[in-house]
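Q: Numbering (mature numbering (1 follows the signal peptide of the UniProt record, and there is no 0)), first residue to last: -20 to -1, 1 to 336. Heads up, the beta-carbon is just placed ideally off N, CA and C, and yes, glycines get one too. Got a structure for you, written out below as structure tokens; questions coming shortly.
Pasting the structure below:
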């Protein structure tokens, strides 16, 4: 009898850590939609959750320090976002069922069906990163696996001073419109995204900081935004940027605001070092093929930076030390095609190609 009582008590105690939700879960999770395993630090989202009614800021779950893994079950959807601020430990955010094929990406983090959400809500440019699907700052390494991101209110995945390792994810913006600020992936130094698919209505992958990379990824190029964006503002000089086994697919019949690789920064004297290996540009049926490289946008005052290109997919040597014009867009219609230049004013931005 005593043995039976002990066994029952022990089983209860062992299971309770996986059932009882801590106080920090209140308002976001309950026993019907989530479980918590304190031993492993795993928060499992087992049913759909929707935080739309929690307001502009309440839409985002502040991830507590004791959480090491957030897992969204197969076929389930979180309507909301995750903010990872000053989180000292490594964190994994994943989806699907254990053993499921990675390309299924059956768990979803959803934002909104509203076009131009960040504009309509007067979100400043320097704060838009906070209103995406996953926003990270000053934390341990964040690993993202096997998830589908759809229509983030603003930038989908962004980090500052934190490395992000993303793999087997989809980033989608299918709500239409042209001012959604739905940028795809941008991480701090050493961040990488690979084996993924991106079809968004703004810049897809931001290679802003040292040793950032995108690999084995397909990117749809819509009218607005660049598949590979090297910088809009005065980002620091960067080395070790890599785009490898990347396919850019043109998906607009009318043309594009930016090139497949764009450096939109309009006031810089920095150098960017980008390696392009097995980087290809194609077009969907009936759509235009995107230009390869573009510098600049239709505003700005000074161009004095240098883009240094290496790898097996760089343009031909005829581009060596080519000088683009300030306020201009430098286009190339193919990887090794003839160059054309749209001139607006003067400047000194150089393209330097290794081996030429």
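Is DSSP giving residue 162 helix, strand or coil here?
A: coil
Q: Quick check: what's the CA-CA separation for residue -1 versus residue 7?
A: 15 Å
Q: Quick check: what's the CA-CA separation for residue 26 versus residue 12?
A: 8 Å
Q: Between the region 57 to 75 and the region 94 to 103, do at least 3 Cβ pairs fall closer than 8 Å?
A: no
Q: Would you mind sorting residue 248 into buried or exposed? The rule is 16 or more other CB atoms within 10 Å of its CB.
A: buried
Q: With a threshold of 6 Å on Cβ separation, who are the neighbours of residue 163 within its own chain once the five nearest residues in sequence on each side are excluded?
A: 135, 182, 183
Q: With 16 as the cutoff for other CB atoms within 10 Å, does residue 216 come out buried or exposed?
A: exposed
Q: Between the C-alpha atoms of residue 176 and residue 86, what's the straight-line distance to the nearest angstrom?
A: 14 Å
Q: Which residue spans inside the region 206 to 264 form an unbroken beta strand (DSSP E) run of at least 3?
A: 218 to 230, 241 to 243, 251 to 263
Q: Look up residue 32 in the DSSP assignment and say whether it is helix, strand or coil.
A: helix
Q: Residue 158: buried (16+ other C-beta within 10 angstroms of its C-beta) or exposed?
A: exposed
Q: Using the rule of at least 16 other Cβ atoms within 10 Å of the residue's Cβ for burial, across every protein chain shown, is residue 243 buried or exposed?
A: buried
Q: Run the CB neighbour count on residue 109, radius 10 Å, all protein chains shown included, and call it buried at 16 or more, exposed below.
A: With 16 or more other Cβ atoms within 10 Å, it is buried.
Q: Put residue 5 into one of helix, strand or coil per three-state DSSP.
A: Three-state DSSP puts residue 5 in a helix.
Q: Between residue 313 and residue 187, what straight-line distance do the alpha-carbon atoms span, to the nearest angstrom?
A: With a pLDDT of 36 at residue 313, under the threshold of 50, the predicted position of this residue should be treated as unreliable, though the coordinate-derived value follows. Using only the alpha carbons, I get a separation of about 22 Å.
Q: Please determine, among 270, 46, 62, 129, the residue with the shortest C-alpha to C-alpha distance to residue 68.
A: 46
Q: For the alpha helix (DSSP H) holding residue 109, just list the boundary residues, first then last.
A: It is not in any alpha helix (DSSP H) - residue 109 carries neither H nor E in the DSSP assignment.
Q: Evaluate residue 138 with the Cβ neighbour count: other Cβ atoms within 10 Å of its Cβ, from every protein chain shown; 16 or more gives buried, anything less gives exposed.
A: buried
Q: Using the rule of at least 16 other Cβ atoms within 10 Å of the residue's Cβ for burial, across every protein chain shown, is residue 245 buried or exposed?
A: buried
Q: Measure the alpha-carbon distance for residue 95 versus residue 225 and round it to whole angstroms.
A: Rounded to the nearest angstrom, the two C-alpha atoms are 32 Å apart.
Q: Helix or strand or just coil, what does DSSP make of residue 99?
A: helix
Q: Does the distance from the C-beta atom of residue 200 to that of residue 178 stay below 8 Å?
A: yes
Q: When burial is assigned at 16 or more other CB atoms within 10 Å of the CB, is residue 16 buried or exposed?
A: buried
Q: DSSP beta-bridge partners for residue 271?
A: Answer by DSSP bridge pairing: none, since residue 271 is not bridged.
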